[in-house]
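Asker:
Structure follows, in structure tokens:
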């Protein structure tokens with residue numbers, strides 16, 4: 002028999018592939034079923050948020066921050082508010098900081114629930130998606146009674162929060178926490194020991210700690226590779242230094258570890274919310290901010306731990322009402338950058354698993 | 007190491023390479039001469055007492071008078087934070103790549119190249135990625151660039 006002629010070929014994955022979590026195109030160079038090289042192509046969701054902010058006053062930028070990372074919009078509001086407060090030296094009332102922590106942590110759980118469901122769905126298990134969205138619904142309801150919005154909250158403002166929580170918030174939230182603690186046995190029983198799932202996830206897309214740090218990976222992705230680093234603990238902001246919580250890590254840095262990492266982090270978030278509800282002080286919910294708000298000249302890079310990793314914002318002020326420069330740093334940007342590094346020589350189906358467990362969302366990459 | 011100790015350490019050990027600035031309102035801010043960039047970057051990363059192994063962010067800035075490139079670093083090993091910046095006149099808008107030192111710089115530098123038109127030396131992957139492939143309307147993040155339908159907001 003004559004020898005078969007083989008050659009590498011190109012496959013376009015996306016921009017509208019169902020598992021790309023936004024509009025991302027991956028150019029795959031394939032050798033049969035094996036991926037030889039990946040090139041991510043971004044920019045399909047570029048909305049020029051940074052340029053638009055240069056023509057807006059500081060308070061007017063807050064709603065745009067919701068659109069920067071809409072799965073955890075509370076966190077992107079928070080990082081922006083913190084940066085402007087650092088610039089202007091504002092003292093935020095303690096109650097506002099507690100409310101912010103409660104909201105951001107609830108949002109983190111909501112985001113991880115989506116991650117949990119969507120990752121399982123990308124691998125081929127549909128049930129977790131329904132379970133995850135069911136519990137997320139309770140969180141979104143809590144946000145709705147607080148600020149009227151279900152996705153882009155515009156709740157955390159410069160100097161505090163936009164309004165106080167309604168009286169039913171605390172009992173409803175406690176009820177949700179109790180319910181959520183009971184759900185973990187369901188969640189863990191559903192997939193964690195499933196042999197098919199483990200074959201698909203274990204040993205796939207291994208990220209070593211050195212590579213993770215070099216590429217600027219952060220958050221659950223970094224901790225799943227065994228690096229114990231969390232901005233909430235290592236560079237405390239807001240009132241996180243008052244709460245007692247663990248920083249879970251995993252040993253291997255593969256897809257399976259990144260999946261388990263998010264489940265572990267949800268438990269820590271629940272602990273933080275419980276403590277914040279117990280210690281919620283009375284008092285004002287915002288400090289006085291002048292209508293013509295002008296922070297003094299200066300520049301600041303402020304960062305927080307969002308559900309996906311380190312979210313940062315760099316602001317340069319020249320003492321006028323508008324920022325000279327506002328640069329947003331999303332963790333998905335770095336995670337997408339390291340994607341080609343960890344997904345060569347895998348099967349095409351594993352690319353989907355790796356992409357899903359890095360938990361990349363595209364608006365954060367394109368901005 | 008506290009913020010003051012860090013500042014003292016840097017001033018003592020890298021005298022003349024990093025000049026402290028007062029503009030950083032929260033973390034330390036230094037100015038570095040563009041010619042010294044790779045040298046300073048390598049020293050900050052390899053110094054045992056600092057070990058700035060994590061590049062958080064690179065931000066290009068057009069102040070209206072000059073370009074600036076702001077590097078935000080942190081050390082995971084020693085838990086430190088520091089920013090430094092380069093000041094570039096409009097007619098000398100070139101920086102060296104720090105991709106060899108922190109791989110994370112790759113896309114950040116590409117973005118600055120694409121949106122500000124600041125040239126990056128020794129970068130092997132300078133391709134358009136945020137703008138369309140056939141973009142020919144200049145560098146949109148520069149202060150003198152406005153979209154065709156742009157309306158400036160009146161001063162309050």
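Chains as they are written, first to last, in the working numbering: chain D, 2 to 368; chain G, 7 to 162. Even for Gly, the Cβ is constructed at its ideal location relative to N, Cα and C.
Checking the sheet assignment: what are the DSSP bridge partners for residue 37/G?
Answerer: Numbered from its first residue, the second chain carries residue 37/G at position 31. Beta-bridge pairing links residue 37/G to 25/G, 91/G.
Asker: Is it buried or exposed, residue 198/D, if we count other Cβ atoms within 10 angstroms and call 16 or more buried?
Answerer: As a working note, residue 198/D is residue 197 in the first chain. Buried, since its Cβ has 16 or more Cβ neighbours within 10 Å.
Asker: Counting only Cβ pairs nearer than 7 angstroms, list the residues of chain G close to residue 149/D.
Answerer: Counting from one through the first chain, the residue named residue 149/D turns up at place 148. By Cβ distance, chain G contributes nothing, its closest Cβ being about 26 angstroms from residue 149/D, past 7 angstroms.
Asker: Should residue 87/G be flagged as near chain D, meaning a C-beta pair shorter than 8 angstroms?
Answerer: Mapped onto the second chain, residue 87/G falls at position 81. Interface residue, yes.
Asker: Is there a Cβ of chain G sitting closer than 8 angstroms to that of residue 309/D, yes or no?
Answerer: The residue you call residue 309/D lines up with position 308 of the first chain. It does not; no Cβ of chain G falls within 8 angstroms.
Asker: Keeping to the same chain, check which residues put their C-beta closer than 6 angstroms to that of residue 142/G; ignore five residues upstream and five downstream.
Answerer: Counted from its first residue, the second chain places residue 142/G at position 136. Hits under 6 angstroms: none found.
Asker: Residue 43/D CB to nearest chain G CB: under 8 angstroms?
Answerer: Translated into positions along the first chain, residue 43/D becomes position 42. By this cut-off, residue 43/D is an interface position.
Asker: Exposed or buried, what is residue 97/D when buried is set at 16 or more other beta-carbons lying within 10 Å of its beta-carbon?
Answerer: Walking along the first chain from the start, residue 97/D turns up at place 96. It counts as buried.
Asker: Please report the Cβ distance between residue 63/G and residue 315/D, rounded to the nearest whole angstrom; I am assuming they are in contact, meaning their Cβ atoms lie under 8 angstroms.
Answerer: Taking the second chain and counting its residues from 1, the one referred to as residue 63/G is at position 57. Taking the first chain and counting its residues from 1, the one referred to as residue 315/D is at position 314. Indeed, because the Cβ distance is near 6 angstroms, the residues count as touching under 8 angstroms.
Asker: Please tell me whether residue 312/D has its Cβ less than 8 angstroms away from any Cβ of chain G.
Answerer: For the purposes of this step, residue 312/D is taken as residue 311 along the first chain, with counting starting at 1. Answer no: the Cβ-Cβ gap between residue 312/D and chain G never drops below 8 angstroms.
Asker: Could you give the distance in angstroms between the alpha-carbon of residue 235/D and the alpha-carbon of residue 85/G?
Answerer: Counting from 1 along the first chain, the entry for residue 235/D is found at position 234. Counting from 1 along the second chain, the entry for residue 85/G is found at position 79. Taking the straight line joining both Cα atoms gives about 7 angstroms.
Asker: Starting from the Cα of residue 132/D, find the closest Cα among 217/D, 156/D, 187/D, 99/D and give me that residue.
Answerer: For this step, residue 132/D is matched to residue 131 along the first chain. The candidate whose alpha carbon is nearest that of residue 132/D is 187/D.
Asker: Identify, in the order they occur along the chain, each residue of the same chain with its Cβ nearer than 8 angstroms to the Cβ of residue 143/D, setting aside the five sequence neighbours on each side.
Answerer: The count along the first chain starts at 1 and reaches residue 143/D at position 142. Within the same chain, residue 143/D has close Cβ partners 107, 170, 173, 174, 177.
Asker: Among the candidates 362/D, 61/D, 190/D, whose CA atom is the shortest distance from the CA of residue 261/D?
Answerer: Indexing the first chain from 1 puts residue 261/D at position 260. For residue 261/D, the nearest C-alpha among the options comes from 190/D.
Asker: Residue 214/D versus chain G: which residues are under 7 angstroms apart at the beta carbon?
Answerer: Position 213 of the first chain, counted from the first residue, corresponds to residue 214/D. Per Cβ cutoff of 7 angstroms: 59, 60, 82.
Asker: Listing by chain order, which chain D residues have their CB less than 8 angstroms from the CB of residue 158/G?
Answerer: Locating residue 158/G in the second chain gives position 152, where the first residue counts as 1. Neighbours of residue 158/G on chain D, chain order: 56.
Asker: Quick one: which chain D residues come within Cβ less than 8 angstroms of residue 29/G?
Answerer: The sequence position of residue 29/G within the second chain is 23, counting from 1. By Cβ distance, chain D contributes 298, 299, 300.
Asker: State yes or no: is the beta carbon of residue 67/G nearer than 8 angstroms to at least one beta carbon in chain D?
Answerer: Stepping through the second chain from its first residue, residue 67/G is reached at position 61. Judged by the 8 angstroms Cβ criterion, residue 67/G is in contact with chain D.
Asker: Consult DSSP for residue 104/D and reduce its assignment to one of helix, strand or coil.
Answerer: Within the first chain, numbered from 1, the residue matching residue 104/D stands at position 103. Residue 104/D falls in the helix class under three-state DSSP.
Asker: Candidates 100/G, 156/G, 96/G, 117/G: which alpha carbon is nearest residue 366/D's?
Answerer: Here the question's residue 366/D lines up with position 365 in the first chain. Nearest of 100/G, 156/G, 96/G, 117/G to residue 366/D, Cα basis: 117/G.
Asker: What is the DSSP secondary structure of residue 147/D, counted as helix, strand or coil?
Answerer: Translated into positions along the first chain, residue 147/D becomes position 146. Correct three-state label for residue 147/D: helix.
Asker: Determine, using beta-carbon pairs with one atom in the stretch 139-154 of chain D and one in the stretch 237-244 of chain D, whether at least three such pairs fall under 8 angstroms.
Answerer: In short, these stretches do not touch, since the Cβ pair count stays below three.
Asker: Taking residue 146/G as the query, report the chain D residues whose CB atoms sit under 9 angstroms from its CB, ordered along the chain.
Answerer: Within the second chain, numbered from 1, the residue matching residue 146/G stands at position 140. Those are 49, 52, listed as they occur along chain D.
Asker: On the DSSP bridge assignment, give the partners of residue 9/G in chain order.
Answerer: As a first step, residue 9/G is located in the second chain; it is residue number 3 there, counting from the start. Residue 9/G pairs with nothing; no bridge assigned.
Asker: Residue range of the alpha helix (DSSP H) that residue 259/D falls in?
Answerer: Counting from 1 along the first chain, the entry for residue 259/D is found at position 258. It spans 256-280 - the alpha helix (DSSP H) in which residue 259/D sits, taken as one unbroken run.
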